[in-house]
Every structure is written in structure tokens, then in C-alpha cells.
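First the structure, in the form of C-alpha cells, and then the observations on it.
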Amino acid sequence: MNNSPFVLQPASVRSVMVRVLAALLPGVAAYVHFFGASILIQLGLASATALGTEALVLFLRRKPVWLFVSDGSALVTAWLIALTFPPIGPWWLIVVGTAFAIVIVKHLYGGLGQNPFNPAMAAFCLMIVAYPLLMSQWPAGAADFATQMRLIFGNRELDGLTMATPLDALRTALHGNARTTVEAVTGSGPVFGYLGGKGWEWIALGYLAGGLWLLQQRLITWHLPTAFLAGLGLCAGLAHLANPGLYASPLFHLFSGGTLLGAFFIVTDPVSGATTPRGKLIFGAAIGLLTWVIRTFGAYPDGIAFAVMLMNIGVPLIDMYTQPPVFGHKIRNKGKGGHP
Amino acid sequence: MIAAILVMALGAVVLGAALGYAAVRFRVEGDPLVEKIDAILPQTQCGQCGFPGCKPYATAIAKGEAEINQCPPGGEEGIRKLADLLGREAKPLSAEHGVEKPKSVAVIDENLCIGCTLCIQACPVDAIVGAAKQMHTVVDSLCTGCELCLPPCPVDCIAMVPIAETVETWKWRYPVIPIKPRQKVA
Amino acid sequence: MLRRLFAFNGGVKPPTHKSSSTRAAIATLPLPPELVIPLHQSIGGTPRPLVRAGQHVLKGQLIGAADGNISAAIHASTSGRVVAVEARVMAHASGLSTLCVVIAPDGEDAWVECRPVPWRSLPGDQVRDLLRDAGIVGLGGAVFPSHLKLKPGPGSRGSSKGGLRHLVINGAECEPFITCDDMQMREQANAILAGATIMGELLGAEEILVGIEDNKPEAVAAMQAASGRLGERGGRIQIVAVPTRYPAGGAKQLIRVLTGIEVPHGERSTDYGVQCFNTGTVFAIHEALEKGRPLLSRIVTVAGNVERPGNYEVLFGTPMDYVVARAGPKPDTDRFIMGGPMMGYAMPSRQVPVVKATNCILVGSPALFPPPAPEMPCIRCGECAKACPADLQPFEMYWHSRAKSFGKAQEYHLFDCIECGCCTYVCPSHIPLVDYFRFAKSEIWAREREKDSADAARDRYEFRQHREEREKEERAARLAAKAAATKARIGIDPSAGGADTDDQALIAAAIRRTQSATTDLPPAGESGT
Ligand code: SF4
Ligand code: SF4
Ligand code: SF4
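Protein chains in written order, with the numbering used here: chain A, 1 to 340; chain B, 1001 to 1186; chain C, 2001 to 2529.
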């Protein structure tokens, strides 16, 4: 027989995870619209791998398999991996990445709730370091389904089908030629749209919609997305003001790459992130700053994954130094003047 | 070259002086390790560890002459704390020194007691009151449960009684984790 | 009468389930066949029994005298014969037994003589002693002896007088199902406010704030009407409806809502110029001072898995199943809970007596309070921290309590936790967080007790060793002196004497020595204390 409280709110890890998955759907829909159905294949591959490896590891660890497989946390990891990996990568790329995320990053550290690193981001980092080329081949547009299937499962004759992401294109162009300017690059290439990349900006808007719904559902708090977007936007904005020719505008940064996906779905991962309100602000802003630095000066197309991993290391420290004041121990307390 | 050596030497001297000063300034009185170990030991003074009291055992542990698993009244919990303090591996209680028992107090059967004072002399914490040829009683709030008074009693009138839990000393149990070891794969 | 209210962080809004038990007026029960009155019914020392089996007692007669100042007296709840003074299972989560006075009622319900207390003309200390001997304790559930809370503080800053700035009367009653304070405020508003006025005078309070959750409009109206009737004398009283949010009825939370003052854990609220009493307690104080009647009964809500939920005036010592029988328990009843669903305790038996802490007997069934889903690992979602009214980080405390690193748990302010259960209520991983906190707290207390007794044992042992050392030295000195004297008396010149006589003398000395050693031995134990 249990102890009080005898009544509980009808909440569960599963319902949390299912709602996170639901919030990803608008972004996924836009993805399919602009780049074809291959993302669905990748989502399926990632999901199957995640559930399979999760079940296997749970079985080996002698944990209740069904209880944990059905909690949905593996699916969230899988979907985030699928949405951050190139949709026309070979099938084993995402399978290996997902398996790594679940087996090594999640379960080797103790399973649900214990992993110090964000599994999806760790998988991204691993794969981009191991296969930089494969991880940089993004679709040029919505190729027909058969071609995409061939790219994923069969021979990879890529001519004309892939191109770099807008972020990547911009960075390569700027690095390669000292005289080009942001304006010249973004104005010319076929990948660039109104705000960020062509198509990508709509997907980003989809994520934004899902993220706002998560906020409304009180599954995430405003701290992390705001701090992250502000950190990134501020850095990009200052640099852009200083030298518009060399640094892309903050709007471009906010709507390119994984920024909005990151802001609402990755940075907000509770397990590996900071938990105190002030800690969340620091954590988010620092990721924003690091993301901009890596995007602008680093060698990789996007910086969110590395920024998140770096800041994951600092979480215990951030949490320790940002503990909120406890009831009755606040300075603003009346009664005793200046009671600590 | 010479200047470099001089600078190095000067640095060494300054650092040495600082360290020496710190050693004098912040010296800890006594042997803090023995005190720390002694603070963990239960102070039953029963001698089951093979030493004539908790402090001698603490000293022996500090010197590395005794294992940390020789104190039955301290039990697993005590061993764990000692292991934490000393950075050693925790190990199970050594069987030759005894087993962990529920905490008890000695009770003298007042009808049998002949007032021989032998138990009074044996009790390490003066928990037994009484005088020659008069009935003796154990003050149970003082008794550590060391059992040292049992052997000397010529009429075997002392018994160890486990301390009953009261509402004041009752403890909430560790919450049971209701996850079953392994369910069938669905 | 609009007053600025302050919010506390956190809190939850569980379904209240209050309407069903407020339909009927407070009912009284016929005398039960047997009353089992535990002597230990409040925080502090267990009262000493004053009666023996076979003795006849009157209603209101003192049967347990307060043990020290932190304690409250116990009285016979009706007249009758003491059947036994023995250990019976207590209304406590532990299921342990304590000493109880068992009374067989004689049906007369004959009172001892009760005289009103001229409290206005008595010194404060005497009034407080009278309240202690009337057995008045906090009836909100914490059963802290009330007389201890009636000491005016050292005078609060910003106050012209030496008294209290705010006296808070707690009628918030935030726990689901419980309606005893609600019903009492509806039916006995005058007496409650009269009691509040008395306490206001005892404490020298500048204002009296009655906080009632706004889901009890009838109680608010009744109290407002009563305060209107007080006219001039009621000027200092304000009836304030506070937003309904559990645990708004926690003393610290209500004080915060009404005054904005946060009283930290472990400090006296009088130091902050505020004090808080439950409405039931205020009523009991009024009875004790104006009528001279000790605390013998209280209003108990019976709710949950019963046909006719309601409130009853119950004598202390009445077995719970006797009370519940009136309300018609449904057949699938599986437990009685004392208190509400958020902070109550499952009772070890259905026969345990109603005591001063019993504000509610919540009848449970598997359907009403299903067993929680399996505990999952913490996902650090922070829901618990958002819900915690004490602004704690429950998941951090959980982490350390679970690992039994109690020191760490204390660093995260474990002892500021009021065990309200909000964190467990919201946790999506179904972690019984409060259970871990209760466990950690009682472990820490046990360790402190152990540490204290180990320290005491060490001191006594060292003292004894010291004493033995000293005695040995003294004895050696004494023996040396004696030996010298003996030798001198039998007139042996140590340098010239034969070997034989020398030996004889030494033997004689040894015999004397053993004799003296036994008789000289001090009565051990006495010198040790
Ligand atoms: S009374 Fe006996 S068991 Fe208790 S402390 Fe003294 S010698 Fe040990
Ligand atoms: S609510 Fe539960 S899962 Fe969430 S942080 Fe608190 S303890 Fe962990
Ligand atoms: S039980 Fe304690 S930790 Fe949990 S919400 Fe209440 S005060 Fe906070």
C-alpha cells in the first residue's frame, strides 16, 4: 500500500513524449512538402532502430522492457536524429547513428533520465566527424520517391541531386573567396529563400508552431528557447551590424539549419539540460553563442550539436550555482530586515 | 642563465616559506584522522573488534594495522562510512568478529541479582547502578549494549533485550521500487 | 475591504470533492461502547497517566498530565469506568502501540465542574498553563501545543506596541475532501471570532486576518456576518477569501498569501510579527477560556468511499470504524486514511481511535485511490520544482535521498520540505518523491540520535577510564603508605631483618590490602554520573 498523496495528476512520461512527437508533425509535413517523402523513410528507419535497440538493451539489462520501450523517449530521440540527418543519406548512416545514441549515449550512462549528453546531438556529432561528406549531402529539392529510395537503399549516384545546406553553402563561399559578400552569395544560389534556405524556412516555421504549442501545453518553459534564440540572434546581429558583408543577418541564422528545431526540441531536452530557471537562461544563451561561433568560424555546417554537447558538460556546474532561493530564505523577505 | 636559476631559487624559497607558514598557521591539533574514525565508530566499547575499546581500534585503523570491517555494532553502515572516509573498498563484516545484531540493552533480573558488583566493574560506560549486596539495575538510556556485563555475572541474571521501536524512533522505510525485475517482452 | 494578496510559488489544483460532505449539518454520534484515549496525542512529551483501571472518571476529568511544557494534557471524553490503561494500536502510520486509557462509558455523560477562566485578569503565563492543562493543540493536523504559540514574540519591528502585527486564522482548508473547518465556520462563526478576539488580545495583535479559500463562499459569508455582528469590537478582524490552490492552507503559505511574509523553516513566526492558528483551535481556545471546558472532541469529516459523506462531532477515543459506520462505508473499502488524500496517512487498523489530529477519516477504495503506476526514472522535467510551494528542487533532493547521501539532500534544503505532496502529485514518472523525503528525514533524525548517544557513551567511557586511572594511583599511594607503616609497626629494620619475618609481614599486608580493596571500592555508577 502506498503513502500519501493518494491522488496523482494524470501525467506520464509517455504522454509527455507523445505530445513532443505531435509537436514535431507540422515541421515534418513541411519537410515532406519541400523535399519529398524520403524523410518519412528516415523517420521509420530511425524509429525502428531506436525501438529495437532500446528493447534489446533493456532485455540485457534485465529491466522491464515494455514499460520503458513504450515510454516514447526512444522515439523522440529517433525523430530528432532523423530530422537533423540529411534525408537522402544511406540507410546505414541513420541506423548506426540511432543505435549509437540509444546504446552508448543513453543506456551506457544508465538509461532514461541518466544520460548527461543529448543522445540525438551526440549521434549527430559522431556521424559528422566520422562521415563528413555523407552528412553534408542534402537534397536539392523534392526528387521523386523512386530516386530517393535508390539514394537511401541502393547505389548513390548523386549528380545533381544534392547540394549543401544554405548554412554550408554560405560558409564555403565565404571561406573560399575573400571577396564575396553575404549578399552576393545569398542573392545568387538556388538554395537561398526569403529568410533562410529555400524550403527550410517553412520547415522552421513548422517547428516554431509546434514549439509554441509545447509552450502552451506547459511542457517546456520559455527560458530555454528564448535564451537560445536571443543568444544566437544577438551574436549574429552584432556581427552583422559590424560587417554585413562578412556576417549573415540574424534572421538568416534563426531560420537556417536546425535553429528552431533546436530551440524548441533539442535545447529543451530536460534530461541533459539545465533545470533551474536562471540556469536555463545561461545554458540556452551559451548554446546560442557557441552555435554562432561554430557556424561562423568552425569547419562544420551547423554548430548546434557541438554547442549542445559542450554545454551538457557544464550542466551540473550551472545547476549548482543557480539554485533558486528557497521559501523564506529570500532577501526580499520582510519581517526580519535583511534576513538571508 | 644565472638569473634564471636565481629566479627559480627565489621562487622555491618563497613558496617553501609560504607552505611552511601555512603548515604552522593551520596546523590541526591531535590526529584528526583518528578522531574522524572514532566519530564513526558506535562507541559501544565492546571490544569485539579485538581492541580494548573504540578509540584503540580507531587508532589501529588510522595506522593501517586493522581492517575496517571488524566492528559488528557499527554494521554495514559503519563500514560504508569508514570506507568513504578512508577511500577504501567497503567489504562485508568480518565473521570472526561477530555479527550485526539489533540494538539491545542489558536488563538485570532483579529477583536473581545477588548484588555482587561484578557487572558494575565490567560496564565500560557506568550504565549499571547499585551497591554491594544490593540489587543492581541498568540505566537503559546509558547502556550501549556491549554485552560485557554478561560473562562476569555469577548467576546469569543479565539478559540482552532488543530495543523496541516507539513512535518517536520509528522511521519511514525506504520507498519500495515497484518495477518488477523482468516482464515478458510484449 | 480589498486587501492586497500575495501569491506563493507552486501549488497544484487537485479536484476538491468537497461539496458532498457539506450538505448536512454537523451531526453528533451516540456514545460508543468503548473509548480508547491515547495519552500521546500532541507533539512533545507523552502525558503521564493519572488513573488506574477500575477507577470512575467524569467527563472532562484530567487523565493524563502534561509532561513538561512541550506537551498537552489529556482528559476523559465522557464519564465512565476506566477499563484498562494499556498499549493499543495508535492512529499513526507506523502501526505501533502506545499507552491508552480505555473507558467504558456509563451513559451519564456527567461533566466535572467547569468554570470560566477570568483570563483577562490573569498573567499570560498562567493562561498558557491553563490552556496546556485544557489539552489545547493545533487542530489543523499538526497537533502542536497551542499555549507555546501564544507567547507574544520579542516585539516586531515597525509595530508601535510590543505585540504581533498579524494574527492569521487559518480557515483555508485546502486539502481535498476535508470540510470540517468549513462546516464549523458556517455553524459556529460567532464562537470562532470570539476566540480570535481573545487570542488577539493575548498576543496584542494589531490585526486579525481570517483566510478562507474562495471555494467556500458559505463559510466566508457566515464569518463576515459574524464579524459584522461584533460591530466595533470586530474592527480589527478581516475575513479574506484567498485563491483556491493547494496548499494555501499550509500555515507558511497562508501567512505569505495574507501578509507577504515568508517564515523560514525552523524559525518562529512571532519573530516575523505573525502567528497562525487553525479555526478549530481558535474555537477550542474559546471553549476552554469562556466555558472552562477542556478539549474533548472535534469535528471530523467522513468522506470518500461512503454513501453519506458528512461531518460529525466526535469524542476523542471513538474507534474510527464506529464513526464511519454512520456514513455507510461501501463494500469495496480497503483502507481508512487519517487526513486528506494529499498529506493523510493510511491507518494500520480500522479500530484506531479518533484523536486530536483526526480532521478527516477518508475512506479509501482501490477505485478511488488506485495504486500508482510503476515508478520510472526521473527525467528532470522540473515539474516538481514548478509545483513545490517551498521553492525547492525536489528532484535533486530525491536523487540524493535515494542514494542515501543525506548530507547532500540537506544541502538542497530537505528540511524546508513541508511534505505537501505537490511534487509527487505532478511527477510524470510517478516517483513517490515525498516518501523519499520522509525516509531521508527520519533517517537523518535517527542518525542524530545515534550520534548523540555515541558521543555520550564516549564521554562516559573516557570519564570512567580517567577515574580508574586516578583510583589506581590513589590506591597505589595508599598501599605504599600502609606497607611502610606496617613495616614500621612490626619493627623490622628492612636492612637487618631475616628473610622469614620479612615475608610474613608482606603476606599480612597483602591480606589487608585485598580486604581494603573490596571495601574501598566506591559504589560505581554514582561517581560516574
Ligand atoms: S549494562 Fe552491560 S551491556 Fe549495557 S553498556 Fe554496561 S556492560 Fe554493556
Ligand atoms: S517531476 Fe518527477 S520526473 Fe520531473 S523532475 Fe521531478 S522527479 Fe523528475
Ligand atoms: S512535498 Fe516537499 S518537495 Fe514536494 S512539493 Fe511539497 S514541499 Fe516541495
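The beta-carbon is built from N, C-alpha and C at its ideal position, and this holds for glycine as well. Model, not experiment: these values are computed from the prediction.
Residues PRO116, PHE117, ASN118, SER272 of the same chain have their beta carbon placed closer than 7 Å to that of ASN312/A, with the five preceding and five following residues left out of the count. Per DSSP, SER2365/C lies in no alpha helix (DSSP H) segment and is marked neither H nor E.
Shown here, THR2179/C sits in coil according to DSSP, grouped into three states, outside any helix or strand.
When distances are taken from the beta-carbon of ILE2418/C to the heavy atoms of ligand 3, the shortest one is below 6 Å. Ranking ARG2350/C, THR2358/C, ARG2464/C by CA distance to the CA of VAL2089/C puts ARG2350/C first.
Against ILE2337/C, the close residues of chain A are SER4, PHE6, in the order they occur along the chain (beta-carbon pairs closer than 9 Å). Closer than 9 Å at the C-beta level to chain C, one finds no residue of the stretch 18 to 39 of chain A. For GLY2107/C, the shortest C-beta to heavy atom distance toward ligand 2 is 6 Å or greater.
Runs of the beta strand (DSSP E) spanning 3 or more residues and lying entirely within the stretch 2240 to 2319 of chain C occur at 2274 to 2278, 2297 to 2304, 2310 to 2315, in chain order. Straight-line spacing of the CA atoms in PHE2415/C and CYS2422/C works out to 16 Å. Contact annotation for GLN2393/C against chain A: THR275, THR276, GLN323, PRO324 [CB-CB distance below 8 Å, chain order]. Distance from the Cα of THR1117/B is smallest, within the candidate group GLY1130/B, GLY1078/B, CYS1146/B, for GLY1130/B. For ARG2003/C, same chain residues with a beta-carbon under 7 Å away, outside a window of 5 residues either side, are GLN2238, VAL2240 in chain order. By the rule that beta-carbons nearer than 7 Å mark a contact, PHE283/A does not touch chain C.
MET309/A and PRO1092/B have their C-alpha atoms spaced approximately 40 Å apart. For VAL7/A, the distance from the CB to the nearest heavy atom of ligand 3 is not below 6 Å. The C-alpha of THR2016/C is placed about 12 Å away from the C-alpha of ALA2303/C.
Residue state for GLY2064/C is assigned as strand, using DSSP reduced to three classes. Interface annotation for the stretch 2423 to 2440 of chain C against chain A: THR2424, TYR2425, VAL2426, CYS2427, PRO2428, SER2429, HIS2430, PRO2432, VAL2434, ASP2435, ARG2438, criterion Cβ-Cβ distance under 9 Å.
Scanning chain A for C-beta atoms nearer than 8 Å to the C-beta of LYS2252/C yields PHE327, GLY328, reported in chain order.
Per DSSP, SER2097/C is one residue of the beta strand (DSSP E) stretching across 2097 to 2105. Contact between ILE94/A and ILE102/A is ruled out by a C-beta separation of about 12 Å, above the 8 Å threshold. Interface criterion met: the Cβ of ALA2457/C is under 7 Å from a Cβ in chain B. The Cβ atoms of ILE203/A and ILE41/A do not sit closer than 7 Å to each other. Counting only unbroken stretches of 4 or more residues, the alpha helix (DSSP H) elements lying wholly within the stretch 200 to 263 of chain A are 200 to 216, 223 to 242, 250 to 254, in sequence order. ILE2074/C is a Cβ neighbour of GLY2064/C, given a cutoff of 7 Å.
When the beta-carbon positions are compared, ILE2418/C and GLY2250/C come within less than 7 Å of each other. The stretch 122 to 169 of chain A is shown to contain whole alpha helix (DSSP H) runs of 4 or more residues at 145 to 153, in chain order. Under a 10 Å Cβ-count criterion, ASP144/A is classified as exposed, with fewer than 16 other Cβ atoms of the shown protein chains found around its own Cβ.
Taking 7 Å as the CB threshold, GLY298/A stays off the interface with chain C. Straight-line measurement puts the Cα of ASP2452/C at about 31 Å from the Cα of GLY2344/C. For GLY199/A, same chain residues with a beta-carbon under 6 Å away, outside a window of 5 residues either side, are PHE34 in chain order.
Ligand 2 never approaches GLU2396/C closely enough for any of its heavy atoms to be under 6 Å from the residue's Cβ. Between PRO2014/C and PRO2176/C, the gap from beta carbon to beta carbon is short of 7 Å. A Cβ-Cβ distance of about 7 Å is found for the pair VAL2242/C and ASP2214/C, placing them in contact under the 8 Å criterion. Runs of the alpha helix (DSSP H) lying entirely within the stretch 1040 to 1101 of chain B and spanning at least 4 residues, in chain order: 1054 to 1063, 1075 to 1086.
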